[in-house]
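Residue numbers (the working numbering): 706 to 928.
The C-beta atom is built at its ideal place from N, Cα and C for all residues, glycine as well.
Owing to the predicted nature of the structure, the values given are computational and were not obtained by experimental measurement.
Everything on this sheet refers to the single structure shown next.
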Amino acid sequence: MPLRPFRPRPLLRQRPVRPSAVLSRPAMLATALVAVVFAPATALANGMPQLDFANPLTLDQVWWGAGIFIVFLLLAWRWALPQVASVLEQRANAIAADLDTARAAKAAADGAAAEVATATAAARAEAQGAISAAVDTANRQAAAQAATLNAQLEAQLAQAETQIAAARAAALGALRQVATETAATVVARLTGSMADPAQLDRAVAAALAGRGLSQRSGQEQSA
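So this is what it looks like as structure tokens:
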């Protein structure tokens, strides 16, 4: 089963938060001043006499409150807000660094997966080539062994046929000699005289040839 290349899920790109987009100092100051200016009027309209500007104490309280608020706002502007902006900037840089690290890791993983796929394909091709070469070698060796065995069998068969032909010829020669001697003995006993050996030999040869037992027929069969 082929290995599939590793494909990690795409990372969600998060846009780093810039402190300038979150903290707008002029806008915050304007909002605070608007709240200070319109808060007494709104409170008075809602029936809150403690914010009546006709009362001198109320006016002093408003001025003191506004001054303290401005002091706190300046302190926050000079000290707290830069620290918050620095923290946000560090966080944005850390997020960007993490994203870069994740992208680099993803690229490395993709490269490793591609290398594994390439190595697997090369190993599969090499194994297939080795198997094909081994099969071809085995086939050639089997064919050579079969040819050698056939040659040996044919040589043994030819040798056996030669031996059989030689034994047949020897047997026929002995048979002809025995038949000739037997015929001479029979003729001598019947007639009381010895027969002509040449005539007996021709008669025995003709009789054997009629039965297919002549030496010539044996030699022709062996050939």
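Rounded to whole angstroms, what is the Cα-Cα separation between residue i and residue j?
i: V767; j: L780; result: 20 Å
i: A888; j: A903; result: 12 Å
i: L786; j: D805; result: 28 Å
i: L877; j: A849; result: 42 Å
i: L778; j: A799; result: 29 Å
i: G770; j: L764; result: 10 Å
i: A863; j: A856; result: 10 Å
i: G772; j: L762; result: 15 Å
i: A797; j: G834; result: 55 Å
i: A696; j: A818; result: Only positions 706 to 928 of the chain appear in the structure, and residue 696 is not among them; the question remains open.
i: A790; j: G816; result: 39 Å
i: L854; j: A832; result: 32 Å
i: R783; j: A801; result: 27 Å
Please say whether residue j and residue i have beta carbons closer to each other than 7 Å?
i: T885; j: D906; result: yes
i: A908; j: M899; result: no
Pick helix, strand or coil for residue i, following the three-state DSSP scheme.
i: S791; result: helix
i: D906; result: helix
i: D901; result: coil
Closest to residue i by C-alpha separation, out of the options, would be which residue?
i: A910; options: T890, R881, T896, G897; result: R881
i: L913; options: G897, V883, A802, E820; result: V883
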